[in-house]
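Asks:
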Amino acid sequence: MDLKQYIIDKSKELNIDIIGFTDCEPLFHLKEYLVMRQKENKETEFEEKDIEKRIDPKATFPDCKTIIVIGLSYNNDFNQEPKEGLTGKLSKSSWGLDYHMVLEKRMENLIKEIEKIKEFRFKSFVDTGPLIDRELARKAGIGYYGKNCSIINYEYGSFIFIGYILTDLDINIDPILLEEECRECNLCLKSCPTSALESPYIFNPKICISYLTQTKERIPYELRSKMGNNIYGCDVCQKSCPKNKNINRVNHEDFIPKDRKGYINIEEILSISNKQFKEKYGSMAGSWRGRNIWRRNGIIALGNTKDRENLQILKSLLKDPNPMIREYTAWAILNIDYRYGIEVIGDILEYEQNKVVKQEIKRLINYFATKNIQV
50 MDLKQYIIDK SKELNIDIIG FTDCEPLFHL KEYLVMRQKE NKETEFEEKD IEKRIDPKAT
110 FPDCKTIIVI GLSYNNDFNQ EPKEGLTGKL SKSSWGLDYH MVLEKRMENL IKEIEKIKEF
170 RFKSFVDTGP LIDRELARKA GIGYYGKNCS IINYEYGSFI FIGYILTDLD INIDPILLEE
230 ECRECNLCLK SCPTSALESP YIFNPKICIS YLTQTKERIP YELRSKMGNN IYGCDVCQKS
290 CPKNKNINRV NHEDFIPKDR KGYINIEEIL SISNKQFKEK YGSMAGSWRG RNIWRRNGII
350 ALGNTKDREN LQILKSLLKD PNPMIREYTA WAILNIDYRY GIEVIGDILE YEQNKVVKQE
410 IKRLINYFAT KNIQV
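Note that my numbering gives residue 54 to position 5 of the sequence shown, counting from 1, and the numbers run on in steps of one.
Here's what the structure looks like:
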């Protein structure tokens with residue numbers, strides 16, 4: 050029996066959109082680039098810091114011989130409900146069930162099918178392992194790098210999730226590498242609100258809106274105004290890509306929002322309890338950072354509306370128990386109406402007990418004072 054073809058056939062039965070195979074040779078060609086990223090402080094808080102672990106599969110799984118890579122499209126075909134009220138955006142990758150769980154289940158089922166005919170050892174990962182999964186996907190023929198550093202597949206575009214299984218299986222590796230098709234197109238670079246795509250194939254994740262909506266670090270003031278109404282993630286560079294036009298649409302029910310909306314009501318998220326948040330959003334990929342990160346992003350979104358009608362909603366949050374929420378609320382109010390903000394926030398400073406919050410509010414007042422003088 051041809052083991053490789055058996056795995057391919059079973060992957061189709063399990064509703065896995067794309068599958069490929071690659072070797073376990075170290076990714077030495079990426080080492081210089083990764084070292085440079087470390088020196089330039091462009092690593093995110095979510096990445097493995099040990100470069101050897103990032104490039105060498107055997108540092109994670111010493112018995113590795115073959116890596117099975119799968120891709121699952123999240124370019125779902127469904128009619129989105131019309132928006133009502135103050136709404137915030139959720140990236141397509143966060144709709145529906147958490148993709149980590151979905152891909153892990155697909156790989157678990159594939160592993161069971163392989164074990165029916167052959168015993169083997171393995172380790173599987175979805176977005177949580179130390180290795181650079183996009184490079185594994187490229188080597189396995191899943192797709193090619195777009196200039197926005199996303200992996201693009203001919204049939205499914207870049208709206209794909211990647212998972213991989215490190216195995217001790219001996220499988221003939223003969224991937225058909227996909228040819229890069231970006232050519233002279235630079236639409237993704239031009240579309241990025243924060244210029245995180247510094248040049249073709251060079252990406253600064255620390256200023257990417259998707260990262261900013263997830264980080265717990267204090268977001269630089271100048272980047273907040275570029276976040277728009279994004280609550281989790283950002284799809285701008287992918288939506289601008291011509292290779293995502295006229296691609297296969299799928300019907301993976303797991304990735305369709307329960308409420309068929311794909312967005313959230315900002316007023317609701319600002320007042321939601323932790324229990325309610327977990328019940329309503331806990332199964333989504335975007336919920337992993339917790340309620341207060343979504344609330345913070347909702348506050349930034351309100352600040353970016355520049356609409357004075359939202360000041361009353363924000364004013365009530367100046368007494369929120371969470372220090373981070375108070376800090377970002379002060380920013381949002383000052384961003385909407387500096388003069389009103391100075392008046393309201395001046396009163397808040399008198400009874401604010403948290404020294405860090407107090408210092409941050411003073412910095413904000415100075416920042417906006419300078420901006421208003423320049424205007």
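Yeah, the Cβ is synthetic: ideal placement off N, Cα and C, and Gly gets one too. Everything numeric in this text was worked out from a predicted model, so none of it was measured.
Is the beta carbon of A334 closer than 8 Å to that of Y148?
Replies: Closer than 8 Å, so yes.
Asks: Pull up the distance between the alpha-carbon of I181 and that of E94, whole angstroms please.
Replies: Cα-Cα distance, rounded: 15 Å.
Asks: Where S336 and N346 are concerned, what is the direct C-alpha to C-alpha distance, given to the nearest angstrom?
Replies: S336 and N346: Cα-Cα distance of roughly 12 Å.
Asks: Using a Cβ-Cβ cut-off of 6 Å (strictly less than) and excluding sequence neighbours within five positions of I321, which residues of its own chain qualify?
Replies: Result list for I321: empty, nothing under 6 Å.
Asks: In terms of alpha-carbon separation, which member of D303, N341, I104 and Y250 lies closest to Y281?
Replies: Nearest C-alpha to Y281: N341.
Asks: What do you reckon, are the CB atoms on N279 and S207 nearer than 8 Å?
Replies: Against a cut-off of 8 Å, the Cβ pair of S207 and N279 comes out as no contact.
Asks: Would you call N353 buried or exposed, if buried means 16 or more other Cβ atoms sit within 10 Å of its Cβ?
Replies: Buried, because 16 or more other Cβ atoms sit within 10 Å of the Cβ of N353.
Asks: Does the distance from the CB of D126 to the CB of N300 come in under 8 Å?
Replies: In this structure, N300 lies closer than 8 Å to D126 by Cβ.
Asks: In angstroms with no decimal places, state the Cα-to-Cα distance between I56 and G192.
Replies: Taking the straight line from one Cα to the other gives about 19 Å.
Asks: Please list, in chain order, all residues of the same chain as C257 whose beta carbon is under 6 Å from its beta carbon, the five residues on each side excluded.
Replies: Cβ within range, chain order: A245.
Asks: In its own chain, which residues sit with a C-beta less than 8 Å from the C-beta of T136, not counting the 5 before and 5 after it?
Replies: Excluding positions up to five away in sequence, the list reads N278, Y312, I313, N314 and I315.
Asks: Nearest to Y425 by CA position, among E302, G190, E184 and K265, is which residue?
Replies: The chain is shown from 50 up to 424; residue 425 falls before or after that span and cannot be answered.
Asks: Suppose you measure from the CA of I116 to the CA of T216; what does that come to, to the nearest Å?
Replies: Their backbone Cα atoms lie some 6 Å apart in a straight line.
Asks: Compute the Euclidean distance between the alpha carbons of F110 and R267, then round it to the nearest angstrom.
Replies: About 36 Å.
Asks: Give the range of the beta strand (DSSP E) segment to which I280 is assigned.
Replies: Element bounds for I280: N279 to Y281.
Asks: May I ask which residues mark the beginning and end of the beta strand (DSSP E) holding L215?
Replies: It spans I209 to T216 - the beta strand (DSSP E) in which L215 sits, taken as one unbroken run.
Asks: Which same chain residues end up closer than 6 Å to S143 when comparing Cβ atoms and leaving out the 5 residues on each side of it in sequence?
Replies: If we look at S143 and ignore the five residues flanking it on each side, its Cβ neighbours are Y281, G282, M333, A334 and G335.
Asks: Out of E89, E328, K167 and V175, state which residue places its alpha-carbon closest to the alpha-carbon of R155.
Replies: For R155, the nearest C-alpha among the options comes from V175.
Asks: Can you tell me the Cα-Cα spacing of K404 and K355, whole angstroms?
Replies: Their backbone Cα atoms lie some 28 Å apart in a straight line.
Asks: Can you tell which of E401, A381, E409 and Y330 has its C-alpha closest to the C-alpha of P370?
Replies: Ranking E401, A381, E409 and Y330 by Cα distance to P370 puts E401 first.
Asks: Distance check for I349 and E96, CA to CA, integer angstroms please.
Replies: Rounded to the nearest angstrom, the two C-alpha atoms are 26 Å apart.
Asks: Indicate whether C231 and S289 have their beta-carbon atoms separated by less than 8 Å.
Replies: No, the pair does not count as a contact, with Cβ atoms beyond the cut-off.
Asks: Near E101, which residues of its chain fall below 8 Å by C-beta distance, leaving aside the five closest residues on each side in sequence?
Replies: A108, listed in sequence order.
Asks: Please classify S122: is it buried, with 16 or more other beta-carbons within 10 angstroms of its beta-carbon, or exposed?
Replies: Under this definition S122 is a buried residue.
Asks: When you compare only the Cα positions, how much space is there between I382 and L351?
Replies: I382 and L351: Cα-Cα distance of roughly 9 Å.
Asks: At the 8 Å Cβ level, is I410 part of the contact set with chain C, yes or no?
Replies: Reference to chain C is not applicable here, since this structure consists of a single protein chain.
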